[in-house]
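Protein chains in written order, with UniProt numbering: chain A, 1 to 325; chain B, 1 to 506; chain C, 1 to 159. First comes the structure, then the notes that go with it.
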Amino acid sequence: MFHITSKLKGSTAVIATATMVLAPVFASASPLGSDPIRLVIPFGPGGGSDITARVLSATAPEFCGPRIDVVSMSGAAGLEAVNFVRSAPANGHTLLVSDYGPVVTSGFVDEVDWSHDDWQPVMNFTEWLPTVYTRPDHDIQTIEDWVAAAESDPGSITFGHANPLGLVHLPLILFEMETGLENIHVPTSGGGETRSLIMGGHIDLGMTLPASIASEVASGELTALGVFSEERSAVLPDTPTFREAGYDVVLPAWLMVIATSDVPAETVEFLQDCFMEALASPTAVAMSDRVNAGIEPMNSEDSTALYQATVTSIEGILRNIGEID
Amino acid sequence: MMLEAFVDALHLAFSPEVILYVAIGVFMGVTLGAIPGLSGDMAIAILLPIVFFLEPAAALGLLTGIYKGGMFGGSISAISFGVPGTPGSAATAIDGYQAKLKGYPNKALNTALYSSVIGDTTSDFVLIFLALPLAIVALTFGPVEFFALYAFSLLLISALTKGKVAKGVAMAALGILLAMIGRDPIGGSLRLTFGIPELAGGLALIPVLVGIFAVSELIIQLAKAWMERARRIVDDTKQQAQSLLGDYDASKDKLSFAEFRATMRATWIGTTMGTLIGALPGAGSSLAAFISYGLAQRFSRKPDEFGKGSLEGVAAAEAGNSATSGSTLIPLFAFGIPGSATAALFGAAFILMGMTPGPSLINDHTEVIYALFLILIYANIINLGLSHFLLPLYSKIAMIKSRILLPIVCVLAILGTFAAGNSVIDVWVLLFAGLLGVVLRIYNFPLAPLILGFIVAPGAERALRQSLLIGRGEWTHLLSSPIALGLYAVAAIMIFTFTIVMRERK
Amino acid sequence: MRSAISTAFTRLDFYTGLVTILVGAIGLLDIAYGSWRPGPGLGPHAFPQLAYITLIIAGLAIWVDVIRGKSDEHPENLRAILITGVGLVAIGMGMFWLIGKLGLIVSVAATLIGSSFLLTRDPLRHWPSTIVVPIIATAVIWLLFVQLINIPLPRGLLF
Numbered sequence: 001m002f003h004i005t006s007k008l009k010g011s012t013a014v015i016a017t018a019t020m021v022l023a024p025v026f027a028s029a030s031p032l033g034s035d036p037i038r039l040v041i042p043f044g045p046g047g048g049s050d051i052t053a054r055v056l057s058a059t060a061p062e063f064c065g066p067r068i069d070v071v072s073m074s075g076a077a078g079l080e081a082v083n084f085v086r087s088a089p090a091n092g093h094t095l096l097v098s099d100y101g102p103v104v105t106s107g108f109v110d111e112v113d114w115s116h117d118d119w120q121p122v123m124n125f126t127e128w129l130p131t132v133y134t135r136p137d138h139d140i141q142t143i144e145d146w147v148a149a150a151e152s153d154p155g156s157i158t159f160g161h162a163n164p165l166g167l168v169h170l171p172l173i174l175f176e177m178e179t180g181l182e183n184i185h186v187p188t189s190g191g192g193e194t195r196s197l198i199m200g201g202h203i204d205l206g207m208t209l210p211a212s213i214a215s216e217v218a219s220g221e222l223t224a225l226g227v228f229s230e231e232r233s234a235v236l237p238d239t240p241t242f243r244e245a246g247y248d249v250v251l252p253a254w255l256m257v258i259a260t261s262d263v264p265a266e267t268v269e270f271l272q273d274c275f276m277e278a279l280a281s282p283t284a285v286a287m288s289d290r291v292n293a294g295i296e297p298m299n300s301e302d303s304t305a306l307y308q309a310t311v312t313s314i315e316g317i318l319r320n321i322g323e324i325d
Numbered sequence: 001m002m003l004e005a006f007v008d009a010l011h012l013a014f015s016p017e018v019i020l021y022v023a024i025g026v027f028m029g030v031t032l033g034a035i036p037g038l039s040g041d042m043a044i045a046i047l048l049p050i051v052f053f054l055e056p057a058a059a060l061g062l063l064t065g066i067y068k069g070g071m072f073g074g075s076i077s078a079i080s081f082g083v084p085g086t087p088g089s090a091a092t093a094i095d096g097y098q099a100k101l102k103g104y105p106n107k108a109l110n111t112a113l114y115s116s117v118i119g120d121t122t123s124d125f126v127l128i129f130l131a132l133p134l135a136i137v138a139l140t141f142g143p144v145e146f147f148a149l150y151a152f153s154l155l156l157i158s159a160l161t162k163g164k165v166a167k168g169v170a171m172a173a174l175g176i177l178l179a180m181i182g183r184d185p186i187g188g189s190l191r192l193t194f195g196i197p198e199l200a201g202g203l204a205l206i207p208v209l210v211g212i213f214a215v216s217e218l219i220i221q222l223a224k225a226w227m228e229r230a231r232r233i234v235d236d237t238k239q240q241a242q243s244l245l246g247d248y249d250a251s252k253d254k255l256s257f258a259e260f261r262a263t264m265r266a267t268w269i270g271t272t273m274g275t276l277i278g279a280l281p282g283a284g285s286s287l288a289a290f291i292s293y294g295l296a297q298r299f300s301r302k303p304d305e306f307g308k309g310s311l312e313g314v315a316a317a318e319a320g321n322s323a324t325s326g327s328t329l330i331p332l333f334a335f336g337i338p339g340s341a342t343a344a345l346f347g348a349a350f351i352l353m354g355m356t357p358g359p360s361l362i363n364d365h366t367e368v369i370y371a372l373f374l375i376l377i378y379a380n381i382i383n384l385g386l387s388h389f390l391l392p393l394y395s396k397i398a399m400i401k402s403r404i405l406l407p408i409v410c411v412l413a414i415l416g417t418f419a420a421g422n423s424v425i426d427v428w429v430l431l432f433a434g435l436l437g438v439v440l441r442i443y444n445f446p447l448a449p450l451i452l453g454f455i456v457a458p459g460a461e462r463a464l465r466q467s468l469l470i471g472r473g474e475w476t477h478l479l480s481s482p483i484a485l486g487l488y489a490v491a492a493i494m495i496f497t498f499t500i501v502m503r504e505r506k
Numbered sequence: 001m002r003s004a005i006s007t008a009f010t011r012l013d014f015y016t017g018l019v020t021i022l023v024g025a026i027g028l029l030d031i032a033y034g035s036w037r038p039g040p041g042l043g044p045h046a047f048p049q050l051a052y053i054t055l056i057i058a059g060l061a062i063w064v065d066v067i068r069g070k071s072d073e074h075p076e077n078l079r080a081i082l083i084t085g086v087g088l089v090a091i092g093m094g095m096f097w098l099i100g101k102l103g104l105i106v107s108v109a110a111t112l113i114g115s116s117f118l119l120t121r122d123p124l125r126h127w128p129s130t131i132v133v134p135i136i137a138t139a140v141i142w143l144l145f146v147q148l149i150n151i152p153l154p155r156g157l158l159f
């Protein structure tokens with residue numbers, strides 16, 4: 001076991017470490033001021049986006065200059081965080097760290113005063129691959145089992161997922177659109193509830209992200225059926241993709257650092273550079289491995305392309321199921 | 001091998017550095033918990049990055065200390081001002097504040113401390129020795145069983161109504177309606193938002209609870225202070241004392257052993273219910289406190305004193321609240337399932353330290369987890385000692401003249417509520433819930449059933465609708481589980497026997 | 001019994017019961033004629049409907065209590081309490097708005113000093129409690145919320 005420790009002693013150290021992460025070494029010609037950078041996440045603390053953002057907040061100050069705080073704002077189903085970033089000064093000090101739900105999906109289904117073009121990705125942390133899983137003593141153990149069972153008795157399989165139309169629900173809708181299969185959708189309060197309903201035998205299948213089940217799948221306590229992505233997940237190497245099984249359903253969820261589009265291009269570029277440099281540092285790589293975050297940073301340009309592709313595909317799904325017209 | 005790990009764990013847990021961090025944590029937890037809106041959870045969320053900088057044992061010690069201190073700290077403001085500092089201490093406020101008004105805040109605070117520590121310690125031992133069997137029981141709770149549990153807990157409303165059953169039921173219905181605001185958790189459509197997009201996420205528990213209970217209480221007290229001032233202007237001859245402290249006789253306000261022993265039954269009811277409910281993913285500490293309070297009243301020898309400053313009421317609520325603290329980690333340790341916001345934060349702390357929550361945790365990181373177990377136990381002793389030292393200080397603060405103290409508590413409540421969710425809407429909700437609470441108080445509606453309805457409704461609705469989805473619309477599916485049937489049977493028996501008891505009393 | 005019914009209209013709880021029933025009735029009308037989307041498993045309106053029906057039943061039960069002669073007394077100091085309530089909400093919002101304009105220290109100190117002046121007779125003579133204590137409290141609040149917790153303060157968000 002190793003620790004990334006700069007061991008501090010005494011009571012003031014507690015406060016110091018919590019708030020003042022590392023002494024700032026100012027990069028030359030920084031367009032940023034000395035105020036802290038706020039990474040606002042539209043979810044509660046403790047989840048995957050929080051943990052990933054904290055890797056950046058712990059490593060990037062050295063490269064970017066100011067201190068970096070992770071602020072969790074889950075109010076109004078994440079819209080409050082989005083609005084907070086929207087109304088903050090456009091100087092690159094207030095950034096949104098989010099998956100596509102609060103930005104792309106909300107932009108379509110909620111009454112908001114912004115459009116998808118009002119945002120520009122700074123960089124992408126990772127792509128989360130939605131994964132279907134169940135308990136190991138269940139009759140369904142593969143994608144083929146699932147399809148066969150759903151065809152022989154349509155609408156009999158119970159499928160648990162967190163928030164409706166979220167990133168662990170839309171892939172199921174897309175899969176049903178492609179195949180014409182029917183399942184009973186059982187919305188839950190989150191990944192924890194989905195998992196306890198599956199392990200307790202109350203529902204058949206569920207959807208989650210690989211990092212949260214990787215160690216259970218490895219030890220045989222859960223079975224992962226398939227992944228909705230182009231390539232297999234690095235942490236679930238033995239789990240096939242749906243594409244391998246012959247169903248062209250791919251809907252990965254990214255986690256991006258997003259700025260408003262009125263932030264100057266040079267600031268976005270500076271942030272992109274220092275974030276990517278920080279995430280490539282040995283400390284950040286070790287940290288990312290340790291927390292199973294699977295961070296593979298992607299620059300602003302590629303992230304923007306991915307963002308726009310997602311806007312198009314989500315629009316297609318929502319139109320198809322009648323959520324928007 | 002086991003013994004070796006245990007010795008290593010002893011070294012880790014009892015190193016002076018770790019003990020110091022635990023003590024700092026307890027102090028921070030008690031103090032922050034006492035501020036309305038701020039809770040241990042929030043402090044843990046803010047201090048989460050500390051795991052990057054400290055040894056695992058020291059970091060876990062600090063977080064554990066905050067958590068335990070916060071659990072008890074909420075009851076300080078609940079008792080001193082009638083203002084629950086944390087969601088879990090809402091039930092404590094019912095009798096604790098009445099006790100303070102009767103002139104014995106210290107007795108109530110000490111009762112709260114002892115029952116909190118007893119509940120917490122028991123729950124920790126259950127976590128250490130019975131985690132797996134209890135976790136397996138918890139997994140048998142699916143939507144059908146949860147709906148039965150929530151329906152059962154709504155029955156206890158009558159214990160919270162202070163003899164005004166009709167008004168109490170109306171308040172529970174209002175609480176349910178408030179909880180329905182926002183996005184429907186099953187279908188995703190908006191309801192009862194009155195066209196306000198900010199209400200799409202629904203009302204958060206902390207602003208509603210602090211607003212209804214605390215802000216309304218503060219408004220009424222401020223009104224009294226305001227009228228007192230008006231009266232004083234007329235009556236100018238009376239000189240008021242220069243001292244900041246009002247008149248309060250501390251010597252008469254000591255908890256005797258006999259009084260302590262009389263609360264033990266309530267404490268054990270709270271401890272049992274808190275430990276069991278804490279182990280269920282998603283049920284939560286405030287529900288545990290209310291159920292414990294309701295049951296303790298049912299089984300008390302002096303049920304009529306509940307709501308009027310009963311120390312038993314304080315003990316049951318506080319033990320029920322604190323006894324969730326160990327057991328809420330059970331699903332996390334046994335299956336990697338975070339059953340509550342706190343458990344999710346501890347899960348995140350483990351992940352940030354490179355430890356995967358779940359059954360492999362204890363094998364992969366034996367010393368650290370053993371050390372955590374030791375810390376969980378001795379943090380209670382530190383909590384007991386430190387709080388013993390802090391209580392006289394804090395109850396002195398509570399006795400400061402209200403015209404000085406009340407504005408400060410108001411500002412703390414507003415900023416604390418904002419900080420808890422970083423949400424401006426929460427501040428609006430807080431203030432309007434305060435106004436609603438005032439109106440309801442003026443017209444003698446009991447407030448506790450409203451909170452119970454608000455806490456229970458989201459889970460009950462989700463569980464019922466999930467059950468019907470899984471059972472393909474068949475209502476008989478709700479009776480398909482022996483646990484659910486058992487809960488309904490117990491509820492029926494309780495209604496039956498207590499109606500008879502009430503008849504005989506009359 | 002007859003007299004209890006004829007005096008019922010003078011009792012406070014006749015009106016609380018009436019309001020309770022009205023809220024329930026309006027809610028049921030909203031569910032019947034408002035725009036509620038259907039949803040899976042009973043639909044989103046099922047639980048609110050249950051709550052509205054419960055409200056109506058509870059309101060009727062309050063009326064039964066009134067006829068039986070059980071009613072709470074008319075409240076005292078109604079006006080003072082309501083004015084304080086509205087005042088506190090206004091001051092609270094005002095402070096929050098000011099924080100966005102003037103910063104936390106100034107706003108909190110002004111709010112605290114202002115309210116202790118309001119609540120204290122001859123505030124200048126009691127300067128230790130009306131000025132010194134609020135300033136100390138502001139310092140503690142600043143340390144806690146800005147230095148320790150570092151809350152994302154609203155910047156003109158409210159208005």
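All C-beta atoms, glycine included, are put in the ideal place defined by N, C-alpha and C. It should be emphasised that the depicted structure is a prediction, and the values quoted were computed from it without experimental measurement.
With respect to chain A, the C-beta atom of P40/C has a partner C-beta closer than 9 Å.
R191/B carries a strand assignment under DSSP once its states are collapsed to helix, strand and coil. Secondary structure at L165/A: coil, using DSSP grouped into helix, strand and coil. The straight-line gap separating the alpha-carbon atoms of T328/B and I67/C is approximately 48 Å.
For Y443/B, there is no enclosing alpha helix (DSSP H), since its DSSP letter is neither H nor E.
Secondary structure at N292/A: coil, using DSSP grouped into helix, strand and coil. Secondary structure of S57/A (DSSP, three-state): helix.
Interface criterion met: the Cβ of V40/A is under 9 Å from a Cβ in chain C.
D110/A carries a coil assignment under DSSP once its states are collapsed to helix, strand and coil. In the three-state scheme derived from DSSP, where H, G and I count as helix and E and B as strand, W36/C is classed as coil. Proximity to I46/B across T194/A, S156/A and I68/A peaks at I68/A, based on C-alpha coordinates. G166/A has its alpha-carbon roughly 47 Å from the corresponding atom of N110/B. For S153/B, no CB of chain A lies under 9 Å from its own CB, so it is not counted at the interface with that chain. The DSSP-derived three-state label of S229/A is coil. V71/A sits buried, since 16 or more C-beta atoms from the chains shown fall within 10 Å of its C-beta. In this structure, S153/B sits away from T86/B, with a CB-CB distance that is not shorter than 9 Å. Restricting attention to L390/B, R231/B, A491/B and F6/B, the CA atom closest to the CA of L155/B is found in A491/B. Just measuring C-alpha positions, the residue of L170/A, G226/A and E296/A sitting nearest D145/A is G226/A. By the CB criterion at 9 Å, L251/A and S313/A fall inside the cutoff. In this structure, G155/A keeps its C-beta atom at 9 Å or more from the C-beta atom of R465/B. Per the Cβ contact rule, the region 71 to 89 of chain C is not in contact with the region 193 to 205 of chain B (fewer than 3 Cβ pairs under 8 Å). Pairing N363/B with K224/B, the inter-Cα distance amounts to about 60 Å.
Along the region 170 to 227 of chain A, the alpha helix (DSSP H) occurs as fully enclosed runs of 4 or more residues at 170 to 179, 191 to 199 and 210 to 218, listed in sequence order.
Look at I135/C here: in three-state DSSP terms it is helix. Counting C-beta pairs closer than 8 Å gives three or more between the region 87 to 100 of chain C and the region 110 to 128 of chain C, which meets the contact rule. Only those residues of the region 175 to 196 of chain B whose C-beta falls short of 8 Å from the nearest C-beta of chain A are listed: G182, R183, P185, I186, G187 and G188. Partner residues in the beta bridge of Y133/A, as assigned by DSSP, are G206/A and A224/A.
9 Å or more divides the Cβ of N383/B from the Cβ of G96/B. L32/A and G65/A do touch by the CB rule: their CB atoms are close to 5 Å apart, below 8 Å.
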